[in-house]
Amino acid sequence: MKITDFGVEIWMNETENHCEFNLAETCVDSLTVEELLDLAGKKDSLLDEILPMRLSYGAIDGSDRLRDVVASLYGKQSRENIVITHGAIGANELVHKTLVSPGDRVICVVPTYQQHYSIPESYGADLQLLQLREQNNFLPDLAELQSLVNDNTRLICLTNPNNPTGALIDESMLLQITDIARRCDAYILCDEVYRGTDQQGDGITASMADLYEKGISTASMSKAFSLAGLRLGWIAGPRELLEAVSIHRDYNTISVGMIDDHLASIALENSETILNRSREITRNNLAMLDAWVENEPLISYIKPKSGTTALLKYDLDMSSREFCLKLLADTGVLFTPGSAMEMEGYLRIGYANHPDILKNGLQRVSGFLQGLGSK
Ligand SMILES: Cc1ncc(COP(=O)(O)O)c(C=O)c1O
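Numbering of the sequence shown is given in the working numbering, commencing with residue 216 and proceeding in unit increments.
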């Protein structure tokens with residue numbers, strides 16, 4: 216089975232370990248094991264908890280403890296609505312695999328994480344892309360969405376908060392999208408891996424699983440919880456969907472690692488502390504980025520409302536890949552070219568890394584831009 220190259224992942228594999236200032240990072244500054252145990256007050260007790268563990272496959276769907284605490288992140292979910300997966304990437308793949316057959320109409324709001332269009336395309340779906348545009352603040356045009364649905368629509372895919380634009384669909388717009396989906400009896404898959412990083416209020420985005428009877432939310436420990444190294448995610452959704460998912464999951468997961476499950480449970484039992492830290496980083500760092508953009512004549516953007524990334528538009532006559540390769544070679548700063556996500560003319564910045572990395576990285580980009588601008 217053929218599938219298109221995953222642009223962003225290929226870019227990261229090529230470059231991520233060769234940069235000095237990683238402004239392509241999309242996780243909120245990752246925690247060390249020690250930092251996690253410190254904030255959870257578990258530094259002295261963890262070994263006692265882990266040593267007696269017999270390393271079997273463990274609980275197949277994820278431990279009850281973990282599924283309960285994941286369910287508590289939502290308004291209307293319980294353990295039975297949660298299945299644990301290998302990251303959000305595993306969660307998304309399982310949902311597509313379970314729902315999409317050749318010829319099914321799948322509508323995907325783009326730009327987004329490439330899984331959501333390249334996987335259904337590889338299955339022979341009737342794929343329709345709904346393009347987010349700067350003039351709409353990167354929010355979906357619902358009249359356009361309405362015009363794309365038909366009776367054969369199986370799935371509508373969103374990423375909210377959005378990667379790469381940082382746009383945030385609020386609850387009332389999400390509800391309008393559920394109205395459109397309900398009329399054609401389609402599922403909505405909402406990738407909520409950045410949930411918890413809204414710039415306003417408590418930071419918690421409304422979740423599709425709570426809003427729609429055929430709503431599926433995927434998420435993970437990677438971004439807002441700063442623990443990508445656990446490689447642990449989940450699907451929250453209707454029970455009958457999860458039963459169908461588990462048939463596919465038996466073929467590619469069995470279970471996640473018991474130690475990962477245990478550490479994720481500890482982290483989510485302290486979710487308030489971790490999310491407070493993430494909010495502080497994303498809010499302070501975005502203020503820093505905003506001041507920088509304001510002062511850079513060649514750069515403009517739509518200020519993100521949530522998430523960890525923004526699309527920077529640059530006023531220079533060069534491709535985004537050329538820009539990023541030269542930036543990396545000259546300064547050691549890593550951005551992601553818009554071309555890797557079919558957004559030529561833009562650069563994606565991940566602004567939630569450690570504040571010093573953002574500050575020093577942006578300073579170097581300023582010098583680089585001055586050099587280019589004066590030519
Ligand atoms: C929107 C989106 N979904 C899913 C993923 C994969 O996340 P995970 O590390 O949980 O597999 C990413 C990673 O960048 C992402 O941006």
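In this text, a Cβ means the ideal position worked out from N, Cα and C, and glycines have one as well.
Whole angstroms are fine: how far does the CA of G448 sit from the CA of G305? 7 angstroms
Any heavy atom of ligand 1 within a distance shorter than 8 angstroms of the CB on M423? no
Just tell me which of C399, G339, S422, M436 has its CA closest to the CA of P376. S422
beta-carbon V285 near ligand 1 non-hydrogen atom, thresh 8 angstroms: no
Is Q415 closer than 9 angstroms to K518 when the C-beta atoms are compared? no
Assuming V408 and T380 are in contact, meaning their beta carbons sit under 8 angstroms apart, how far apart are those beta carbons, in whole angstroms? Incorrect: roughly 14 angstroms between the Cβ atoms, too far for contact.
Neighbourhood of N352 by C-beta distance below 7 angstroms, restricted to the same chain and skipping five residues each side: A382, I517
When the Cα of K574 is compared with those of D417, K528, V548, which residue comes out closest? V548
Measure the C-alpha to C-alpha separation of A482 and S337 and round it to an integer number of angstroms. 36 angstroms
Is I403 near ligand 1, with its Cβ less than 8 angstroms from a heavy atom? no
Need the endpoints of the alpha helix (DSSP H) that A502 sits in, please. 486-510
Grouping DSSP H, G and I as helix and E and B as strand, with all else coil, what is Y561? strand
Stretch pair the stretch 436-450 + the stretch 232-239: three plus CB contacts closer than 8 angstroms: no
Report whether the distance from the Cβ of I322 to the nearest heavy atom of ligand 1 is below 8 angstroms. no
Complete beta strand (DSSP E) runs within the stretch 338-426 (minimum length 3 residues, chain order): 341-346, 368-374, 402-406
Helix, strand or coil: which one does DSSP assign to T230? helix
Closest Cα partner of G582 within the set H569, A286, E511: E511
Applying the 10 Å Cβ sphere with the 16-neighbour rule, what's the burial state of E240? buried
For the stretch 477-494 and the stretch 313-327, state whether three or more C-beta atom pairs, one from each stretch, are separated by less than 8 angstroms. no
State the beta-bridge partners of L526 as determined by DSSP. R563
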